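S.K.:
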């Protein structure tokens, strides 16, 4: 079902230069996406976690123990469904009401680590609530969500990149295609810290185009993605199993290249 290719890839694919994106792996993997698939699909993108190569409870057990065996230290456990447990005190709660194609919206609730990442959390909360003033919007240069005037939030923005067994990425409040974004602090702001791990599914972390280039784009993991530790700021977690189920529905809309089948949109958002 799986085979590894030794073909090497550049650290970032040419089509993604200039995007707020995730680091690229130096290898690529081929996976059969469904039982009736003969050719499978190449998954180009970030390094697939070890749990991707396993099935059943053994994958979760290995994810819970592998880092300790490697001397990383004790990490939060992962639930039987793959959802990672909170890594710090949750100080704030926010939500996305997500619509997949024309289906009814379903809610993703997230808990945020405001004591540990106050600037990152404040940025994310503001984008979930009233939004931020974007200069290009003030000048009428932005087509997306023009009816919102000069203020942009996560409302009516898409998840533009979804890679099964890896992550779902959204938050481009200016262009919606992964090439834009804007923050509470301007066009970009610095990485706050790397205190937490991309351990398990449901980890909420900031996307970037290199060190200190965060804006509004973020991603939520589907599995372990420990190769991203020290490169992307983890600042929260999907809070409950119901929300996690919605994330897994979004995962089904993804592809090996990250292109999304249909349309997945944050129809509403806010603080709880």
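Numbering (full-length UniProt numbering), first residue to last: 1 to 272. Yeah, the Cβ is synthetic: ideal placement off N, Cα and C, and Gly gets one too. Predicted model only: the values in this text are computed from it and were never measured.
Once DSSP output is grouped into helix, strand and coil, what is the label at residue 263?
M.R.: coil
S.K.: Looking at residue 124 and residue 235, is the spacing between their C-beta atoms short of 8 Å?
M.R.: yes
S.K.: Should residue 226 be labelled buried (16 or more other beta-carbon atoms within 10 Å of its own) or exposed?
M.R.: buried
S.K.: Express the C-alpha separation of residue 152 and residue 83 in angstroms, rounding to a whole number.
M.R.: 30 Å
S.K.: Tell me the residue span of the alpha helix (DSSP H) that contains residue 243.
M.R.: 241–251
S.K.: Under three-state DSSP, which class holds residue 121?
M.R.: Note: residue 121 maps to helix in three-state DSSP.
S.K.: Give me the Cβ distance between residue 98 and residue 108, rounded to the nearest whole Å; I'm assuming they're in contact under 8 Å.
M.R.: 6 Å
S.K.: Which residue comes first and which comes last in the alpha helix (DSSP H) that contains residue 136?
M.R.: Counting along the chain, the alpha helix (DSSP H) containing residue 136 begins and ends at 135–138.
S.K.: In terms of alpha-carbon separation, which member of 194, 138, 166 lies closest to residue 174?
M.R.: 138
S.K.: How many whole angstroms separate the CB atoms of residue 155 and residue 266, which I take to be in contact at a CB cut-off of 8 Å?
M.R.: 6 Å between Cβ atoms; contact.
S.K.: Which value, in whole angstroms, describes the spacing of the CA atoms of residue 206 and residue 241?
M.R.: 22 Å
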